[in-house]
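Read the structure below first, then the notes.
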Amino acid sequence: MKTPAAIAKARLYTVTAIAAATLATGGITAHLAAAQDGSTTASTTTTTTTNTTTTDSTASTNSDSSDFGSVDSVQSSGDSAQSVTSGS
Amino acid sequence: MTSVTAPQHARPTSVRFAAIGTTNHVHASDPDALVDAAAIARDHLDELDRAASRFRPDSEVSLLARLAKERRATIYASPILAYYLRQALRVARLTDGLVDPTVGAALIAHGYDRDLADVQSRSAAPGAGEAADIPGWQEIDFDPPTGRLSVPAGTVIDLGASAKAAAADRIAALLAARLPGGFLVNLGGDIAVAGELPEGGWRIGVERADATIAQVVTARGQAFATSSTQKRTWHGGEAHEPVRHHILDPRTGRSAHSPWAQVTCAAASALEANAASTASIILGLQAPEWLRDKGIPARLDHLDGGTTMTPGWPEADR
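Here it is in structure tokens:
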């Protein structure tokens, strides 16, 4: 397990990066610092209040099953992406 | 860096950080949860790396590989290694062994024997001759209640084809259980969501190897993963195999010869999405039918530029 000191260090990295992002952005997507191994970097901001809604999950799975779980159809979005899936 | 005065309400909703050999993002619908969410994610990935990295000599996986170099070896796995090994074995069952966690020695023989950046910096991969034997996932003797793990001589466990996706699922669930709001966890392109959904769902871009966005879709509980033959590549050094990639076909011990540049799948978990996308690369032209049989919505991008969708995946609009 990670030591409390290490967790606090990771948290400090994050707080520092997010504080920098908050100061440096004006509602646009912005890359604020070069990514470095072992560091946390805030990369995007959203300036509007996020409306959330709780819905029933559209996917279900049994973590020990030998079959794929059921999943609903995927819908297109006309907006820009919040996150990307790319080959790894 | 240009300083811009931000309005008081401008607050970040995502963080990016490097871990487990890739770039990761955590998105939170509630900005107040972001700092703790990132700390939890980093902590979990650090623990995973210590247990399961092939590239750390002090990991449990490396210890087991050393012990098994000449004869069958047994260890008692830590809870975290046991958890991720169970996920890897489930992926093997889901894919009928096409995605196999015992390919580690074959990957090393194929040239993937260190961090990818170091592998890619070489002019040619070493060991261009015979492919290494792959013991097969069914040769792993694992008792989850005790963690007792026994493998045949020559086995190198590689969790690279499952651990990243399984970690996305696990971290997303941890965040939703501990913190308010909703979360999207993206570990190197393997995406899991949990908790409250943003209005309209999370918007996920399918990114090509050239970093352009091919399509944007919404996640309303589905997980996503993409497998590619174009990104984790290195010089093969042989005329018949000038470029190698990291998706090994366990039937040959070599990079899968696939017609697909990349395959993106939606599934009930990132683990399942990644299992399906990786198996699809290996299956080649059989992949669309296999995906349809499994009920997996998918987008398959052909090397020639064409695109195939399976039922449940929307037509591209750009």
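So the protein sequences, as listed, match chains A and B.
All letters in the first sequence, in the order written, are residues 4 to 91 by this note's numbering.
All letters in the second sequence, in the order written, are residues 3 to 320 by this note's numbering.
Quick reminder that beta carbons are idealized off the backbone N, C-alpha and C, glycines included.
Just so we're clear, the structure is a prediction, and the values are computed from it rather than from any experiment.
Buried versus exposed, by CB contacts within 10 Å (16 or more), residue i
i: residue 83 of chain B; result: buried
i: residue 264 of chain B; result: buried
i: residue 287 of chain B; result: exposed
i: residue 171 of chain B; result: buried
i: residue 77 of chain A; result: buried
i: residue 212 of chain B; result: exposed
i: residue 86 of chain B; result: buried
i: residue 59 of chain B; result: exposed
i: residue 272 of chain B; result: buried
i: residue 141 of chain B; result: exposed
i: residue 114 of chain B; result: buried
i: residue 233 of chain B; result: buried
i: residue 148 of chain B; result: exposed
i: residue 29 of chain B; result: buried
i: residue 305 of chain B; result: exposed
i: residue 112 of chain B; result: buried
i: residue 223 of chain B; result: buried
Coil, strand or helix - residue i by DSSP
i: residue 257 of chain B; result: strand
i: residue 232 of chain B; result: coil
i: residue 34 of chain B; result: helix
i: residue 157 of chain B; result: coil
i: residue 110 of chain B; result: helix
i: residue 44 of chain B; result: helix
i: residue 97 of chain B; result: coil
i: residue 199 of chain B; result: strand
i: residue 104 of chain B; result: coil
i: residue 262 of chain B; result: strand
i: residue 305 of chain B; result: coil
i: residue 145 of chain B; result: strand
i: residue 312 of chain B; result: coil
heavy atom of the ligand COA below 7 Å from residue i C-beta
i: residue 14 of chain B; result: Among the components of this structure there are no ligands whatsoever, and the ligand COA is therefore not found.
Residue i - partner residues in DSSP beta bridges
i: residue 78 of chain B; result: B:150
i: residue 250 of chain B; result: B:257
i: residue 139 of chain B; result: Answer by DSSP bridge pairing: none, since residue 139 of chain B is not bridged.
i: residue 188 of chain B; result: B:27, B:193
i: residue 207 of chain B; result: A:87, B:218
i: residue 243 of chain B; result: B:240
i: residue 79 of chain A; result: B:219
i: residue 226 of chain B; result: B:193, B:268
Rounded distance between the beta-carbons of residue j and residue i, thought under 8 Å
i: residue 83 of chain A; j: residue 205 of chain B; result: 7 Å
i: residue 159 of chain B; j: residue 104 of chain B; result: 7 Å
i: residue 270 of chain B; j: residue 225 of chain B; result: 7 Å
i: residue 100 of chain B; j: residue 252 of chain B; result: 7 Å
i: residue 184 of chain B; j: residue 16 of chain B; result: Incorrect: roughly 12 Å between the Cβ atoms, too far for contact.
i: residue 196 of chain B; j: residue 227 of chain B; result: 16 Å between Cβ atoms; not a contact.
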